[in-house]
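>
Residue numbers (our numbering), protein chains in the order written: chain H, 1358 to 1497; chain Y, 993 to 1269.
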């Protein structure tokens, strides 16, 4: 499938107004994604804290996440929380969701530029951002 | 370190941050260190909270079609690289220089906020758009909420904006703050974007930049969810309240209060760095 570039760089004076309907759907999608991410994350964090408070009578959980990369961390947490849920795991998931929110936003943008807008240029640009981010989340 | 106290501090920081547009991290980190928290952990916690506040506000701005997603996407390449570098540097630095450096960041913020004059909405001047920016397609428009008119603009000097954004990202990753002021400066002054587009796009960029920084701190094992959670919740709550209140108060008093705190905390951090707390 050939991606052809639909941006108007060949015209001497472009009409920015016509960019609006193109982006509008992506913008609503991204806005909703970002908002949901924050809300879900906050809910998980709050739930984890309160559950721990109910369980142990204290609000404080004293631990750090061992240095590891986000993917393995997320997978590990998900597996564990489905088998033996603990407040700590809910808390960790809250952090995971929060961190994945901007990441998913970039993924969405790449897909949008590639599939909907069919702009090779911005698919690549967004792709570079995604690649760097994806790599950074692999660090450990 | 009682989580309730952290949450409260975070709420105040988020509130003031939202009202002054300066973001919570700048005040949050000194406050956390005053409670006895290690500065690197404070930075790690702050950088996670920055993801939350930036994503929350960006959500609204993007839906209002104020943000320029292309400009943001392009510049994020640079801010992310800067943030990765900055966070790595922070990990390697001993604590005392970090305190001193952070103190200077606060004092610099004091200077910047002090010089800010309430001014008119920045209208883009129709100047020549360089070839690179044109190729990137950095033109757009937005509808001014106040006047209802459609404002068109053309971003330019992307070749300069990129590298400059890398330094903004560096500061963000290094100190665990949003560095929004720096980003807006570049977007508005260098790239010629209108104020509203500059501030909202900066917000979007901050989120992804903070993510890059946080990945480094996560890999280093500095993320303490027991402390991060109350802080994130507090900052979200504070920022939410702050943006609600923004319309109803004159920010004179808040600004003066904020300036005083910036000055005091800045000097205090520098002293602590020198004396070895």
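Yeah, the Cβ is synthetic: ideal placement off N, Cα and C, and Gly gets one too.
Which ranges does the alpha helix (DSSP H) cover as unbroken runs of at least 4 residues, wholly within the stretch 1096-1179 of chain Y, from first to last along the chain?
Taking 4 residues as the minimum length, the alpha helix (DSSP H) runs contained wholly in the stretch 1096-1179 of chain Y are 1123-1128, 1150-1167 and 1172-1177, in order along the chain.
> Would you grab the beta carbon distance between residue 1482 of chain H and residue 1167 of chain Y for me? Rounded to a whole angstrom, and I think it's under 8 Å.
Rounded, the Cβ-Cβ distance is 27 Å, inconsistent with contact.
> Beta carbon of residue 1083 of chain Y, beta carbon of residue 1212 of chain Y: below 8 Å?
Against a cut-off of 8 Å, the Cβ pair of residue 1212 of chain Y and residue 1083 of chain Y comes out as a contact.
> Please decide whether residue 1468 of chain H counts as near chain Y, where near means a Cβ-Cβ distance under 8 Å.
Taking 8 Å as the CB threshold, residue 1468 of chain H stays off the interface with chain Y.
> Can you list, in chain order, the residues of its chain whose CB lies under 8 Å from that of residue 1092 of chain Y, leaving out five sequence neighbours each side?
1261, 1262, 1265 and 1266
> Along the alpha helix (DSSP H) that carries residue 1444 of chain H, what are the first and last residues, could you check?
1444-1468
> Would you say the stretch 1016-1031 of chain Y touches the stretch 1249-1259 of chain Y, given that touching needs at least three Cβ pairs under 8 Å?
yes
> When you compare the CB of residue 1063 of chain Y with every CB in chain H, is at least one pair closer than 8 Å?
no
> Can you give me the Cβ contacts of residue 1122 of chain Y inside the same chain, cut-off strictly under 8 Å, excluding the 5 residues immediately before and after it?
Taken in chain order, the residues that qualify are 1148, 1149, 1150 and 1151.
> So, helix, strand or coil for residue 1265 of chain Y, using DSSP?
Looking at residue 1265 of chain Y - three-state DSSP - the assignment turns out to be helix.
> Should the stretch 1034-1054 of chain Y be called in touch with the stretch 1134-1145 of chain Y, which here means at least 3 C-beta pairs below 8 Å?
no
> Using the three-state DSSP reduction, which class does residue 1212 of chain Y fall into: helix, strand or coil?
coil
> For the stretch 1187-1207 of chain Y, which residues have a beta carbon sitting closer than 7 Å to at least one beta carbon of chain H?
1199, 1200, 1203, 1204, 1206 and 1207
> Any chance the stretch 1223-1235 of chain Y sits against the stretch 1393-1402 of chain H, with 3 or more Cβ pairs inside 8 Å?
yes
> The alpha helix (DSSP H) spanning residue 1325 of chain H covers which residue range?
What the structure shows of chain H is the stretch from 1358 to 1497, and residue 1325 of chain H is not part of that stretch, so it cannot be assessed.
> Whole-angstrom Cβ separation of residue 1012 of chain Y and residue 1232 of chain Y, contact assumed at under 8 Å?
Wrong, their Cβ atoms sit about 15 Å apart, outside the cutoff.
> Pick out whichever of Y/1063, Y/1139 and Y/1025 has its Cα sitting closest to the Cα of residue 1094 of chain Y.
Y/1025
> Hey, how far is the Cα of residue 1457 of chain H from the Cα of residue 1027 of chain Y?
29 Å
> With a Cβ-Cβ cutoff of 8 Å, do residue 1077 of chain Y and residue 1162 of chain Y count as a contact?
Taking 8 Å as the Cβ cut-off, residue 1077 of chain Y and residue 1162 of chain Y qualify as a contacting pair.
> Work out the CA separation of residue 1190 of chain Y and residue 1052 of chain Y for me, nearest whole Å.
15 Å
> Relative to the C-alpha of residue 1451 of chain H, which residue among Y/1061, Y/1055 and Y/1044 is closest?
For residue 1451 of chain H, the nearest C-alpha among the options comes from Y/1044.
> Nearest to residue 1423 of chain H by CA position, among Y/1208, Y/1008 and Y/1268, is which residue?
Y/1208
> Kindly give me the distance between the Cβ atoms of residue 994 of chain Y and residue 1448 of chain H, rounded to whole angstroms, as I take these residues to be in contact under 8 Å.
Not a contact, Cβ separation roughly 17 Å.
> Helix, strand or coil for residue 1413 of chain H per DSSP?
helix
> Using the rule of at least 16 other Cβ atoms within 10 Å of the residue's Cβ for burial, across every protein chain shown, is residue 1059 of chain Y buried or exposed?
buried
> Identify whether residue 1476 of chain H lies in helix, strand or coil by the three-state DSSP scheme.
In the structure shown, residue 1476 of chain H sits in coil (DSSP, three-state: anything other than H, G, I, E or B).
> Out of Y/1197, Y/1171 and Y/1155, which one is the CA nearest neighbour of residue 1182 of chain Y?
Y/1155
> Just curious, the alpha helix (DSSP H) that residue 1429 of chain H is in, first and last residue?
1427-1440
> Can you tell me which of the three DSSP states residue 1059 of chain Y falls into?
coil
> Compare the C-beta of residue 1152 of chain Y with all C-beta atoms of chain H and state if any pair is closer than 8 Å.
no
> Would you mind working out which of H/1487, H/1436 and H/1411 sits nearest residue 1470 of chain H, comparing C-alpha positions?
H/1487
> Measure from the alpha carbon of residue 1393 of chain H to the alpha carbon of each residue in Y/1034, Y/1055, Y/1142 and Y/1007, then state which is nearest.
Y/1055
> So is residue 1428 of chain H in contact with chain Y if we call contact Cβ pairs under 8 Å?
no
> Distance, Cα to Cα, residue 1157 of chain Y vs residue 1125 of chain Y?
15 Å
> Compare the C-beta of residue 1220 of chain Y with all C-beta atoms of chain H and state if any pair is closer than 8 Å.
yes
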